[in-house]
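S.K.: Protein chains in written order, with the working numbering: chain L, 27 to 246; chain G, -12 to 49.
Heads up, the beta-carbon is just placed ideally off N, CA and C, and yes, glycines get one too.
Okay, handing you the structure first.
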């Protein structure tokens, strides 16, 4: 993945999203009005976060068997990059909620659980900082990560569905998919998700490369 | 005040090179967002480039 084409692809897709997302037609729905366009910007943040956390848990599992420091660094740095997208997702969600649900934070299950799942990953980073010995840190934090990842999936995709929620796709609310994500919106939504996932992955690779250079310097 | 009123008086419905003012001037916002994104992405590319250089240097050191 040390090529440039996918970085350019990600950039082009993200810029396409900004133009097409603001200018192309969208369904006219009450309450949502033009804010339906937020779907192209708010939701891809979460997709990027989930992909980065999946990369992290993959390398955590791998690092348990390989005991390699590189796999451990990959696991941390993808969490570091993923958390940024998670926070952006929370903030954009809160702003969107203010103008559609009435409050920035209405203690909606989806909002609460999303915040908790980000806290889970903050705990991961704090746990790492608390352990000085490298081998031990790699092992303990990898195991923590393996537990945190399914928790995050359950918090974001299972529990909100069981409760009353204002969020589309939860608590008896149909998702955007089922009724109004028409073909016009798909044309922007899918490229947006792919574009932001690529940008997120790119940020993660930059962080990983920086960290491995730092490590190299320390060992020399 | 007078000049402002005169300026408005000139607006007699004649459309002149107004594409950036149509649709409630949304295109102006689009241009701004695209510029910000382009700037940030160019910045990412330049960080990437510098990193590549340092990586090469540290490999030749060994």
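Using the beta-carbon count (16 or more within 10 Å), is residue 63/L buried or exposed?
M.R.: buried
S.K.: Mind checking whether residue 38/G and residue 40/L have CB atoms under 8 Å apart?
M.R.: Contact flag unset, no.
S.K.: Is the CB of residue 33/G under 8 Å away from at least one CB in chain L?
M.R.: no
S.K.: Entirely within the region 181 to 239 of chain L and at least 3 residues each: give me those beta strand (DSSP E) ranges in chain order.
M.R.: none
S.K.: Any contact between the region 211 to 231 of chain L and the region 153 to 161 of chain L? By contact I mean 3 or more CB pairs, one from each, below 8 Å.
M.R.: no
S.K.: Select from the region 34 to 49 of chain L all residues with a C-beta closer than 7 Å to any C-beta belonging to chain G, and list them in chain order.
M.R.: 37, 40, 41, 44, 45, 48, 49
S.K.: List the whole-angstrom C-beta distance separating residue 119/L from residue 68/L, where the pair is believed to meet the contact cut-off of C-beta under 8 Å.
M.R.: 6 Å
S.K.: Taking DSSP as the reference, what is the three-state secondary structure of residue 35/G?
M.R.: helix
S.K.: Name the chain G residues that come within less than 7 Å of residue 236/L, Cβ to Cβ?
M.R.: 38
S.K.: On a Cα-Cα basis, can you pick out the residue from 174/L, 54/L, 236/L, 210/L that is closest to residue 34/G?
M.R.: In terms of Cα proximity to residue 34/G, the closest of 174/L, 54/L, 236/L, 210/L is 236/L.
S.K.: Could you work out which residues of chain L lie near residue 21/G, taking near to mean beta carbons separated by less than 7 Å?
M.R.: Result: 41, 44, 45.
S.K.: If we define contact as Cβ-Cβ less than 8 Å, is residue 242/L a contact residue for chain G?
M.R.: yes
S.K.: Below 8 Å between beta carbons: does that hold for residue 51/L and residue 210/L?
M.R.: yes
S.K.: So, helix, strand or coil for residue 30/L, using DSSP?
M.R.: coil
S.K.: Quick check on residue 121/L - is its C-beta less than 8 Å from some C-beta in chain G?
M.R.: no
S.K.: On the premise that residue 228/L lies in contact with residue 88/L, defined as a C-beta separation below 8 Å, what is that separation, rounded to the nearest angstrom?
M.R.: 21 Å between Cβ atoms; not a contact.
S.K.: Starting from the C-beta of residue 124/L, find all residues in its chain whose C-beta is less than 6 Å away, skip the five residues before and the five after it, and write them out in chain order.
M.R.: 130
S.K.: For the alpha helix (DSSP H) holding residue 79/L, just list the boundary residues, first then last.
M.R.: From DSSP, the alpha helix (DSSP H) with residue 79/L extends over 65 to 92.
S.K.: Using beta carbons (cut-off 8 Å, strictly below), is residue 7/G in contact with chain L?
M.R.: Answer no: the Cβ-Cβ gap between residue 7/G and chain L never drops below 8 Å.
S.K.: Counting along the chain, where does the alpha helix (DSSP H) carrying residue 95/L start and finish?
M.R.: 95 to 126
S.K.: What does a CB cutoff of less than 7 Å around residue 57/L pick up in its chain, not counting 5 residues either side in sequence?
M.R.: 126
S.K.: Excluding the 5 residues flanking residue 54/G on each side, which residues of the same chain have their C-beta closer than 7 Å to its C-beta?
M.R.: Since the first residue shown for chain G is -12 and the last is 49, residue 54/G is missing from the structure and cannot be characterised.
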